[in-house]
Amino acid sequence: MPASPLAVEAHDLAKTFRSGWLRRRETPALRGASLQVERGAIFGLLGPNGAGKTTLLSILATLLLPDRGSATILGHDVVREAFAIRRRLNMASGNASFVWSLRPAEVLEFYGRLYGLHGRTLRARVAELLDRFELTPHLKTEYNELSTGLKQRLALAKALLNRPEVSIRIRAQIAELRRREGTTIILTTHYMREADELCDRIAFIKGGRILAEGSPDELKRQIRIGDVVALRLDPAAPAGLADLAGVLQVQARGDRIDCTVDSAEKRLSEILRWLVEQHVVIRDCQVREPELEEVFVELAR
C-alpha cells in the first residue's frame with residue numbers, strides 16, 4: 008500500500024486543562040483544531056501567545072493526550088503508536104535550555120543515547136553535527152558560556168540527532184535542512200517575514216482554533232495582509248491609489264495613509280512615481296511589516 012502524501016494529519020483536536028480543587032477551573036487550549044501537512048513541506052503555525060500552538064505541537068509530538076479528535080504522524084496514531092512516532096520526530100526551540108555545565112559534545116551524546124544511538128554510530132553522528140553547525144571550535148565551552156546564537160545552533164543539532172522525518176519548532180537553517188534531508192518541518196514563529204519566505208503553507212491559530220490556512224500568497228489575498236507603506240501626503244491621497252497593482256488595502260487618517268501592498272520591494276517605487284505624477288507632495292514615507300495582531304484583527308472580523 009503506497010505511503011500517504013501527508014506527514015501530519017490532525018482532525019478536530021481538543022484539549023482542556025483543569026486545575027484547582029475546591030474551585031475547579033477549566034482552561035480550553037484547543038477547541039477542534041484540524042490541519043494537514045504534506046511530506047517534505049515547511050508548514051508555518053502562527054498565532055499569539057496562548058493561541059494553542061504549544062498544546063497542538065505537544066499532542067503531535069506525543070507529549071500530551073488529546074481529549075477529543077485524532078492525529079497521525081507519518082501514518083502512526085499519536086495515541087496508540089507514540090513510540091514509533093518518537094523515533095521519527097524531533098523538536099527544537101529558539102529558547103533552548105540544557106544542563107549549564109555540559110559541553111556541546113556532551114549534550115549531543117546524552118540526547119543521542121536517549122534516541123538509542125551508541126558507540127561508533129553515536130560518536131560519528133555527534134562529530135558530523137558539531138562540524139555542520141560550526142560548534143567544533145567550542146568543544147571545551149560549557150553550555151552556560153555559549154552565546155545565544157551558539158545555543159540555538161546546538162538546539163538544532165540536537166533536533167537532528169535521530170535523523171527525524173518530522174521536525175517541530177526549528178528556527179534556523181530551515182530551508183537548508185529541507186533541501187539536504189527532505190525533512191517535514193512545522194515552524195512556529197512570531198515573524199511574518201520569516202514565515203512568508205520559508206513556508207509552503209501557513210495556518211493561523213487563535214483561541215484554540217485554526218482560523219485560516221493557505222500558502223503565503225493565498226493568505227495575503229484572503230486576509231489582505233502584506234507590507235505597509237505609511238505615507239504623509241499633501242494633499243491627501245487622490246482616488247485611484249487603491250487600484251494600483253499590488254495594493255491590497257488603503258486606510259486614510261487625515262493626511263496619513265497606510266497602504267498595504269503585497270511586497271514593498273516591488274511596489275514602493277511604482278506608488279511613489281504615481282503620486283508624483285498626480286502632483287502629490289510626499290512629506291514622509293516609511294515601510295513596515297504588519298504586526299501579527301493586525302492579521303488576527305482581520306481574521307476576527
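Counting from 8, one number per residue, gives the positions in the sequence shown under my numbering. Ideal Cβ placement from N, Cα and C applies to all residues, glycine included.
Residue i: CB within 7 Å of a non-hydrogen atom of the ligand ZN
i    : result
P242 : Although the ligand ZN was asked about, the structure shown includes no ligands whatsoever.
Range covered by the beta strand (DSSP E) that runs through residue i
i    : result
E220 : 216-221
G1   : With the chain represented from 8 up to 308, any question about residue 1 goes unanswered, as that position is not in the structure.
E33  : 32-45
E204 : From DSSP, E204 is part of no beta strand (DSSP E) but of the alpha helix (DSSP H) over 199-205.
T267 : 263-268
A17  : 13-26
A252 : Counting along the chain, A252 falls outside any beta strand (DSSP E), and DSSP gives it neither H nor E.
A48  : First-last for A48: undefined, no H or E at that position.
V235 : 234-241
D291 : 288-295
A210 : 208-213
Boundaries of the alpha helix (DSSP H) in which residue i is found, first to last residue
i    : result
K273 : 271-284
T128 : 126-139
Residue i and residue j closer than 8 Å at C-beta
i    : j    : result
S222 : D207 : yes
A36  : T69  : no
G253 : R274 : yes
G54  : K60  : yes
R185 : I92  : no
A237 : L205 : no
L137 : A112 : yes
A40  : L20  : yes
K22  : D84  : no
P144 : N97  : no
F140 : L168 : no
L157 : R110 : no
L313 : A103 : Because the chain here runs from 8 to 308, residue 313 falls outside it and cannot be looked at.
Distance, residue j Cα to residue i Cα
i    : j    : result
I80  : Y118 : 22 Å
D262 : R25  : 51 Å
M8   : G82  : Its pLDDT being 48, under 50, M8 is placed unreliably in this model, and the coordinates cannot settle the point.
P245 : Q285 : 8 Å
T191 : V44  : 8 Å
R38  : L67  : 15 Å
R324 : L282 : Nothing about residue 324 can be reported from this structure: the residues present for the chain run from 8 to 308 only.
R127 : Q229 : 52 Å
H125 : R30  : 49 Å
L218 : K227 : 14 Å
H197 : V86  : 29 Å
E296 : V257 : 15 Å
L129 : R200 : 37 Å
E135 : V15  : 28 Å
N56  : E220 : 18 Å
S270 : Y150 : 40 Å
A131 : R120 : 13 Å
A259 : A202 : 28 Å
V294 : S276 : 12 Å
G123 : R216 : 36 Å
R290 : D265 : 14 Å
Nearest-angstrom Cβ-Cβ length linking residue i and residue j, presumed shorter than 8 Å
i    : j    : result
L115 : K165 : 6 Å
H18  : S77  : 5 Å
A99  : S174 : 7 Å
G189 : G27  : Not confirmed; about 46 Å, so no contact.
G101 : Q180 : Actually they are not in contact, since the Cβ atoms of G101 and Q180 sit about 12 Å apart, beyond 8 Å.
T267 : L255 : 5 Å
Ignoring anything shorter than 4 residues or poking outside the stretch 77-122, list the alpha helix (DSSP H) runs there in chain order. 89-93, 111-121
What ranges does the alpha helix (DSSP H) occupy inside the stretch 165-198, keeping only unbroken runs of at least 4 residues that lie completely in it? 181-188
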